[in-house]
Ligand SMILES: [Zn+2]
């Protein structure tokens with residue numbers, strides 16, 4: 026009886042134990058591993074990667090992390106594009122469970138494209154864009170990709186486009202404003218007024234009719250008016266064409282008037298002086314150079330000017346306005362320049378021109394009355410100064426070559442019998458104007474002279 030009881034107890038115990046073991050195994054086996062967050066994470070390059078880890082659950086119940094051990098393999102480098110794998114291995118009781126997370130580091134941001142204009146203007150005639158359009162493209166991953174920018178031209182738009190190595194495209198549109206067609210032009214060829222010396226030939230230069238882009242229009246131009254070059258007087262020639270205002274040219278037939286021209290050049294010698302000298306040579310005209318030492322490497326040209334028969338005068342060594350701070354300061358600057366002239370030509374000069382002319386007012390802010398004082402002292406020392414009565418306007422900061430030519434050719438009619446013309450020979454615009462000016466002035470029969478101490482005085486009114 027006792028034996029039987031013992032057996033029953035043993036069997037019961039085994040059954041209970043088995044039950045407990047089966048329960049335990051079932052519980053362990055029910056555990057499921059999953060990722061916190063998405064299985065596949067998409068990250069923008071350079072963004073921070075945060076590992077969200079894993080979770081082990083049984084049904085809805087989260088198993089405490091202290092009950093298992095996690096090891097992790099793999100890493101994510103967000104500074105390099107690519108697909109990264111993180112492998113988690115969980116040891117939970119007798120089980121080993123693996124799960125994998127995929128992290129993709131992508132560049133999904135388009136390059137930063139900068140264009141310095143939103144709208145541009147197109148020249149109607151040349152079709153060229155008038156503005157200087159600058160652009161740049163900077164990509165968060167590729168860096169500077171300005172060289173990859175392509176420009177497409179649409180109907181009325183410029184499209185700037187750039188693609189980064191990941192295929193992200195940025196683009197910017199710049200609107201093109203088309204200029205309207207410039208109107209037709211009807212203008213005289215040659216000078217107006219035109220001067221003709223009695224019994225010389227009047228050459229009809231005609232007129233031109235062009236579209237706004239300068240293309241000749243085939244329209245007949247009717248010219249009327251007679252010029253009798255055997256009789257002194259003023260004549261008018263008129264030019265007409267369809268639908269345009271009639272143009273009139275004044276032709277002055279006059280007897281030869283021996284006007285004397287003194288070409289004077291200030292502020293050099295400089296980079297363009299050679300060109301001036303060549304033009305003077307071409308017409309065999311002599312001029313006067315009021316020289317400086319502003320461009321020392323061209324100092325040797327003073328000798329060249331002198332050897333070609335041009336006159337040399339002092340302008341200033343430095344061309345700094347502080348030479349007007351005292352008589353002594355002025356004379357010191359003057360003497361140093363005259364010393365250079367002596368070195369270059371073998372002799373001192375006794376003619377000069379005040380920087381700014383004798384009527385300059387800039388000297389007032391240095392010393393009251395200083396120009397009067399200098400003029401007096403320099404005269405006592407035997408020096409003679411010259412101003413001008415015709416400015417070529419070449420130093421006004423806005424006259425180009427054609428304007429300089431026009432200034433001189435128009436103003437020369439109204440200056441006195443002694444015409445002292447002011448130029449600046451270091452300027453390119455001036456150097457290019459000399460040839461055409463001389464072509465016309467020599468044709469008009471003027472005489473050219475250089476200045477010396479006994480030349481007719483041309484003085485402005487001293488203003489300080
Ligand atoms: Zn000057």
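Numbering (our numbering), first residue to last: 26 to 489.
For glycine and all other residues, C-beta sits at the position ideal for the given N, C-alpha and C.
Taking 4 residues as the minimum length, the segment 138-191 contains no alpha helix (DSSP H) run wholly inside it. Of the residues assessed, residue 43 falls on the exposed side of the cut-off, its CB having fewer than 16 other CB atoms within 10 angstroms.
Under the three-pair Cβ rule at 8 angstroms, the segment 371-378 counts as touching the segment 461-480. For secondary structure counted as the alpha helix (DSSP H) over 4 or more consecutive residues, the segment 329-416 holds these complete runs in sequence order: 352-370 and 395-405. Per the coordinates, the alpha-carbon of residue 45 lies some 10 angstroms from the alpha-carbon of residue 52. Bounds of the alpha helix (DSSP H) holding residue 41 are 27-55. DSSP, read as helix, strand or coil, puts residue 327 in helix. Annotated three-state conformation of residue 460 is helix, per DSSP.
Cα atoms of residue 262 and residue 434: separation of roughly 20 angstroms, rounded to the nearest angstrom.
The beta carbon of residue 82 sits closer than 6 angstroms to the beta carbons of 57 from its chain, once the five residues preceding and following it are set aside; these are given in chain order.
Segment contact: the segment 29-43 against the segment 60-71, fewer than three CB-CB distances shorter than 8 angstroms; contact not assigned. Inclusion of residue 287 and residue 444 in the CB contact set at 8 angstroms is warranted, their separation being smaller than that value. Distances taken from the Cβ of residue 380 to the heavy atoms of ligand 1 include one shorter than 7 angstroms. Contact annotation, residue 140 with residue 94: C-beta distance approximately 58 angstroms; criterion of less than 8 angstroms not satisfied.
At a cut-off of 3 residues, the continuous stretches assigned as beta strand (DSSP E) that sit fully inside the segment 213-287 are 219-222, 232-235, 247-249, 258-265 and 272-279. Residue burial annotation: residue 335 is buried, with at least 16 other C-beta atoms found within 10 angstroms of its C-beta. In this structure, the beta-carbon distance from residue 382 to residue 412 falls below 8 angstroms. Secondary structure at residue 206: coil, using DSSP grouped into helix, strand and coil. Set against 7 angstroms, the gap from the CB of residue 292 to the closest heavy atom of ligand 1 is smaller. Apart from the 5 residues on each side of it in sequence, residue 100 sits with its Cβ closer than 8 angstroms to the Cβ of 109 and 111 in its chain, given in chain order. In the structure shown, the three-state DSSP call for residue 75 is coil.
Around the Cβ of residue 463, a 10 Å sphere holds 16 or more other Cβ atoms; the residue is buried. The straight-line gap separating the alpha-carbon atoms of residue 458 and residue 307 is approximately 14 angstroms.
In this structure, residue 344 has its beta carbon less than 7 angstroms from a heavy atom of ligand 1. Taking 7 angstroms as the cut-off, one finds at least one heavy atom of ligand 1 near enough to the beta carbon of residue 340.
Counting every other CB atom within 10 Å of its CB across the protein chains shown gives residue 169 a total below 16, marking it as exposed.
Pairing residue 173 with residue 187 gives a Cβ-Cβ distance under 8 angstroms.
The alpha-carbon separation between residue 404 and residue 396 amounts to approximately 12 angstroms. Sequence-distant partners of residue 432 (beyond 5 residues in either direction) whose C-beta falls short of 7 angstroms from its own C-beta, in its chain, are 417, 418 and 424. Out of 304, 331 and 256, the CA that lies nearest to the CA of residue 467 is found in 304. Residue 183 sits away from residue 128, with the two beta carbons spaced by 8 angstroms or more. Per DSSP, residue 469 lies in no alpha helix (DSSP H) and is assigned neither H nor E. Annotation for residue 123: the continuous beta strand (DSSP E) segment containing it runs 120-131. About 6 angstroms separates the CB atoms of residue 327 and residue 294; that is less than 8 angstroms, so the two are in contact. Contact check for residue 132 against residue 106 passes: the beta carbons are separated by less than 8 angstroms.
One thing to note: residue 280 has its Cβ within 8 angstroms of the Cβ of residue 257.
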